[in-house]
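Following: one structure in structure tokens, then a few remarks.
There are 2 protein chains.
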Amino acid sequence: MSVTLRDVARLANVSVKTVSRVVNHQGEISAATRQRVQVAIEQLGYHPNILARSLVSRRSNTLAVVAFGLDYYGPSHTITGIEQKAEELGYSLLLSLASRPDDPDVDSLLAPLVARQVDGIIWAIPEIGDNRAWIRCERLEQLPPVVFINMAPRPGLAVVAIDNRLGAALATQHLIDLGRKQIGLITGPLDWWEARERRAGWQETVARAGLPISPALVAEGDWSAASGERGLRALLAGQPDLDAVFVSNDQMALGVLGAAQQLGRRIPQDLAVAGFDNIPESGFMCPPLTTIFQPLVEAGGVAVQELQKIIRAQQDEAGIEFTATWLAPELVVRASSTAARPAPA
Amino acid sequence: MSVTLRDVARLANVSVKTVSRVVNHQGEISAATRQRVQVAIEQLGYHPNILARSLVSRRSNTLAVVAFGLDYYGPSHTITGIEQKAEELGYSLLLSLASRPDDPDVDSLLAPLVARQVDGIIWAIPEIGDNRAWIRCERLEQLPPVVFINMAPRPGLAVVAIDNRLGAALATQHLIDLGRKQIGLITGPLDWWEARERRAGWQETVARAGLPISPALVAEGDWSAASGERGLRALLAGQPDLDAVFVSNDQMALGVLGAAQQLGRRIPQDLAVAGFDNIPESGFMCPPLTTIFQPLVEAGGVAVQELQKIIRAQQDEAGIEFTATWLAPELVVRASSTAARPAPA
DNA sequence: TTGTAGGCGTTATCAA
DNA sequence: TTGATAACGCCTACAA
Chain A
0 MSVTLRDVAR LANVSVKTVS RVVNHQGEIS AATRQRVQVA IEQLGYHPNI
50 LARSLVSRRS NTLAVVAFGL DYYGPSHTIT GIEQKAEELG YSLLLSLASR
100 PDDPDVDSLL APLVARQVDG IIWAIPEIGD NRAWIRCERL EQLPPVVFIN
150 MAPRPGLAVV AIDNRLGAAL ATQHLIDLGR KQIGLITGPL DWWEARERRA
200 GWQETVARAG LPISPALVAE GDWSAASGER GLRALLAGQP DLDAVFVSND
250 QMALGVLGAA QQLGRRIPQD LAVAGFDNIP ESGFMCPPLT TIFQPLVEAG
300 GVAVQELQKI IRAQQDEAGI EFTATWLAPE LVVRASSTAA RPAPA
Chain B
0 MSVTLRDVAR LANVSVKTVS RVVNHQGEIS AATRQRVQVA IEQLGYHPNI
50 LARSLVSRRS NTLAVVAFGL DYYGPSHTIT GIEQKAEELG YSLLLSLASR
100 PDDPDVDSLL APLVARQVDG IIWAIPEIGD NRAWIRCERL EQLPPVVFIN
150 MAPRPGLAVV AIDNRLGAAL ATQHLIDLGR KQIGLITGPL DWWEARERRA
200 GWQETVARAG LPISPALVAE GDWSAASGER GLRALLAGQP DLDAVFVSND
250 QMALGVLGAA QQLGRRIPQD LAVAGFDNIP ESGFMCPPLT TIFQPLVEAG
300 GVAVQELQKI IRAQQDEAGI EFTATWLAPE LVVRASSTAA RPAPA
């Protein structure tokens, strides 16, 4: 069925090893021999069997990514970045999705990856509750190198994270700079690390400006537009003089815009709104949404690069340095915090 | 470093093959022996090396998915469905993303997958222009079984597709049932098969209702919200009495809603709008968008099932039947085609 | 510059 | 019920 090195060798009348050398561009080969071999390869349609190669070389040139919620904006962009960089660096990518993020069955997620001898793993499940409890030294030692995306940095772990706190601070400071005094917050689910970070960025910034902070200024959402709607209603019920709100993602912000319209609050005149994510829809909401751009694709790429570093260091028996890499988000200003709503023509 | 069958065999004082039998639950083994072996496995922390297994068994238990635009709504949902079903059936999933959809370098996309001995491939790159030209019998014979997602069915190919034409017809008929007479269309890029199918569904339905069809009723977009905005402006310029428009995806529909507001057309009173996709945002646009739900996750799952069928048939040397599977989308009615805009409180 | 021998970790064939 | 031995396809010594 499949063509092997041996077949090529036989046809080219050389040894198996010679063909191997030609295929892998290693060692010195006479032009004539190389020519013969290459003709034979062409003729037979030979393709190396990577499985066999991996078995003996003990490297699969394969990375694995373990993620959750590929159907959401963040994960799909991160994984796009991971795939691009992996491909660029010559790795194949094994994709594994957890069915639940809060308490994934870590062992049955990891076992197939380890059994397939992946060279490294990117853990891209959001940090929720204590779903990081499985991370212990003894456990990690039994695994290939792991890089974690979007979790709280820990010594001894390689982490790549968006600076959510900074992003929230940028958005909040922008609202403050507009002269707003009662700055509300709609959070994500607070068992999510990212949601807590965004809250912290809001809180620090509001406090630094000497503006009030009270429970009535905070509502917890679940990332969905519906929860954003509910959140704004709750905030306005408890704090009728609210004049700005930082919403922890764009989907919830969309719900906020809808609720504001239903409640007769003009945006941005009565209420300035800033979101988080910069989803493609955000520029076309009514009004267009001020928000925070996250370099998610870049984060995925950086994670792969870090992973490769560790893999190489391990091969060279060099000392491995586990670092936390922070990536900075950026403010995108649109009409929901600045201009009046465009007048009907 | 790694624990092998041989290590276990030595410790349990049995042969390698016996351990293999225990691991794979095959053959008859005495309870005592099995016990001894299992203890040894536990003790050493043995895990089978799937690469080695695949090498000899000539099956990798791995599927590959080749896709484009994972950062968009459709692909990310389809792949979610593929991954779920693959995991359910015991396959690992290799993810490969094309950097461009129109003229992907098919060979360099496929080569690594074939070299990794994947058992099957799911081709999920949208059909654009003649980017299906590579599909020839001789080519396919050199590949493991392939299932194609969202392309025009062809004899001899396994295809799983959403019935885009039906979806467009559902939306268009809904607009007609509302009594609208001038039904416009904003298409996707017309070198996309899906875009043409949606146009065909609109056209057939409008024609069947005896309503007018003219070039002035059609504008071509590029799936983006910005192009939806431009599209509506163009339509209204050429057809001022337009009273309904079927927009070929929700992002463009979002642009249409914005443009309508700027142009002073009330939705749905002056202009009824229907989209396609049912993205999570669509229920929270102003007004909420009538649209078409596509069973994308299901499509991914069905593709994997079809692939498994073919793989099994091939192993059993049974006759392989290549079929086209159509999945039906559903109409989701919201305020953009029915109710008045909610009045400010 | 080229070839030979051995092994990577597993499964399959046959015989015991 | 169990075990020796030979593949699977490739690569790394070492030798020629």
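Which chain is which? The protein sequence lines are A and B, in order. Each residue of the first sequence is one higher than the one before, starting from 0 at the first, in numbering that gives the first Met the number 0. Each residue of the second sequence is one higher than the one before, starting from 0 at the first, in numbering that gives the first Met the number 0. A virtual CB, placed ideally from N, CA and C, is assigned to each residue, including glycine. These numbers come from a predicted model, not from an experiment.
(request) Would you list the residues sitting across from isoleucine 120/B in a DSSP beta bridge? (result) Looking at the DSSP assignment, isoleucine 120/B forms a beta bridge with Ala63/B and Val145/B.
(message) Considering only their Cβ atoms, is the gap separating phenylalanine 275/B from alanine 170/B smaller than 8 Å?
(response) Alanine 170/B is a Cβ neighbour of phenylalanine 275/B, given a cutoff of 8 Å.
(request) Under 7 Å Cβ to Cβ from leucine 96/A, same chain only, skipping five residues before and after it: list those, please. (result) Scanning its chain for C-beta atoms nearer than 7 Å, with the 5 sequence neighbours on each side dropped, one finds around leucine 96/A the residues Ala66, Phe67 and Leu69, in chain order.
(request) Go to glutamate 203/A, then tell me how far its alpha helix (DSSP H) extends in each direction, as first and last residue. (result) Per DSSP, glutamate 203/A belongs to the alpha helix (DSSP H) from 192-207.
(request) Kindly list the residues whose CB is nearer than 7 Å to the CB of leucine 241/A, restricted to its own chain and excluding five residues on each side of it in sequence; keep chain order. (result) Cβ neighbours of leucine 241/A beyond the five flanking positions: Gln181, Gly183, Leu234, Leu235 and Leu270.
(request) For chain B, find out if any of its Cβ atoms is closer than 8 Å to the Cβ of alanine 233/A; answer yes or no. (result) With 8 Å as the cut-off, alanine 233/A does not count as an interface residue toward chain B.
(request) Starting from tyrosine 283/B, find everything on chain A with Cβ-Cβ shorter than 7 Å and list it in chain order. (result) Checking the sequence shown, residue 283/B turns out to be phenylalanine, not tyrosine. Simply Ala224, Leu253, Gly254 and Gly257.
(message) Which runs of the alpha helix (DSSP H) at least 4 residues long sit entirely within the stretch 37-118 of chain B? Give them in chain order.
(response) Runs of the alpha helix (DSSP H) inside the stretch 37-118 of chain B: 49-56, 72-87 and 105-114.
(request) With DSSP as the reference, label phenylalanine 245/A as helix, strand or coil. (result) Phenylalanine 245/A: strand per DSSP, three-state reduction.
(message) Please classify alanine 339/B as buried or exposed, where buried requires at least 16 other C-beta atoms within 10 Å of its C-beta.
(response) Residue confidence is low: alanine 339/B scores 46 on pLDDT, short of 50, so the model does not pin down where it sits. Its coordinate-derived value is still stated next. Residue environment for alanine 339/B: exposed (fewer than 16 other C-beta atoms within 10 angstroms of its C-beta).
(message) According to DSSP, simplified to helix, strand and coil, what is glycine 300/B?
(response) Residue state, collapsed to three classes: helix.
(request) Measure the Cβ-Cβ separation of proline 279/A and serine 335/A and say whether it is below 8 Å. (result) At a Cβ-Cβ threshold of 8 Å, proline 279/A and serine 335/A do not count as neighbours.
(request) Provide the residue(s) that pair with leucine 306/A in DSSP beta bridges, ordered along the chain. (result) Paired residues: none, contrary to the question.
(request) Could you tell me whether the Cβ of histidine 76/B comes closer than 8 Å to any Cβ of chain A? (result) With 8 Å as the cut-off, histidine 76/B counts as an interface residue toward chain A.
(message) Determine whether the beta carbon atoms of asparagine 248/B and glutamate 196/B lie at a separation below 8 Å.
(response) No. Outside cutoff.
(request) Kindly confirm or deny that the stretch 90-109 of chain A and the stretch 122-136 of chain A touch, where touching means at least three C-beta pairs closer than 8 Å. (result) Touching, yes.
(request) Please name the residues in the stretch 91-115 of chain B whose beta-carbon is closer than 9 Å to at least one beta-carbon of chain A, in chain order. (result) If the cut-off is 9 Å between Cβ atoms, the stretch 91-115 of chain B has Ser91, Leu92, Leu93, Leu94, Ser95, Leu96, Ser98, Ala110, Pro111, Leu112, Val113, Ala114 and Arg115 near chain A.
(message) Against chain A, with Cβ distances strictly below 8 Å, would histidine 24/B count as a contact?
(response) Answer no: the Cβ-Cβ gap between histidine 24/B and chain A never drops below 8 Å.
(message) So with CB distances below 7 Å, who are the chain B contacts of glutamate 193/A?
(response) What glutamate 193/A touches in chain B: nothing, since even the nearest Cβ is about 18 Å away.
(request) Name the two residues that bound the continuous alpha helix (DSSP H) containing isoleucine 175/B. (result) For isoleucine 175/B, the enclosing alpha helix (DSSP H) begins and ends at 163-176.
(request) Below 8 Å on the Cβ atoms is my guess for serine 75/B versus serine 223/A; work out the distance and round it to an integer in Å. (result) In this structure serine 75/B does not touch serine 223/A by the C-beta definition: roughly 17 Å separates them, more than the 8 Å allowed.
(request) Return the chain-ordered ranges of every alpha helix (DSSP H) run that is complete within the stretch 244-285 of chain A and spans a minimum of 4 residues. (result) With a minimum length of 4 residues, the continuous alpha helix (DSSP H) runs that stay inside the stretch 244-285 of chain A are 249-262.
(message) Using a Cβ-Cβ cutoff of less than 6 Å, which residues in the same chain neighbour glycine 423/B once the five nearest sequence positions on both sides are dropped?
(response) The structure shown does not extend to residue 423/B, since chain B is modelled only from 0 to 344, so the question has no answer here.
(message) Based on DSSP bridge pairs, tell me the residues matched to alanine 157/B.
(response) DSSP, once it has assigned bridges, lists Val146/B as partnering alanine 157/B.
(message) Going by beta-carbon coordinates alone, are glycine 73/A and leucine 330/A separated by less than 8 Å?
(response) Against a cut-off of 8 Å, the Cβ pair of leucine 330/A and glycine 73/A comes out as no contact.
(request) List the endpoints of the continuous beta strand (DSSP E) containing alanine 323/A. (result) Unbroken beta strand (DSSP E) run through alanine 323/A: 323-326.
(request) Evaluate glycine 209/A with the Cβ neighbour count: other Cβ atoms within 10 Å of its Cβ, from every protein chain shown; 16 or more gives buried, anything less gives exposed. (result) Under this definition glycine 209/A is an exposed residue.
(request) Return the residues of the stretch 37-57 of chain B that lie within a Cβ-Cβ distance of less than 9 Å from chain A, sorted by chain order. (result) In summary, the residues of the stretch 37-57 of chain B whose CB is separated from some CB of chain A by less than 9 Å are Gly44, His46, Pro47, Asn48, Ile49, Leu50, Ala51, Arg52, Ser53, Leu54 and Arg57, in the order they occur in the chain.
(request) For alanine 342/A, name the three-state secondary structure that DSSP assigns. (result) Model confidence at alanine 342/A stands at a pLDDT of 41, short of 50, so the residue's coordinates are unreliable and nothing is read from them.
(message) Taking its Cβ as the centre, do 16 or more other Cβ atoms sit within 10 Å of cysteine 285/A, making it buried, or is it exposed?
(response) Buried.
(request) Using a Cβ cut-off of 8 Å (strictly closer), state whether aspartate 221/B contacts chain A. (result) Among the CB atoms of chain A, none fall inside 8 Å of the CB of aspartate 221/B.
(request) Could you tell me which of Gly254/A, Glu203/A and Ala11/A sits nearest to leucine 43/A, measuring between CA atoms? (result) Answer by Cα proximity: Ala11/A.
(request) Tell me, please, whether the CB atom of aspartate 347/A is closer than 8 Å to any CB atom in chain B? (result) This structure leaves residue 347/A out entirely; chain A is present only between 0 and 344.
(request) Indicate whether at least one CB of chain A lies closer than 8 Å to the CB of aspartate 118/B. (result) Taking CB atoms only, aspartate 118/B has no neighbour in chain A less than 8 Å away.
(request) Look at the Cβ atom of leucine 262/B, then the Cβ atom of glutamate 219/B, and state whether they are nearer than 8 Å. (result) Between leucine 262/B and glutamate 219/B, the C-beta spacing is not below 8 Å.
(message) Check whether chain B comes within 8 Å of leucine 241/A, counting only Cβ atoms and requiring the distance to be less than that.
(response) Not closer than 8 Å to any Cβ of chain B, the Cβ of leucine 241/A fails to qualify, so no.
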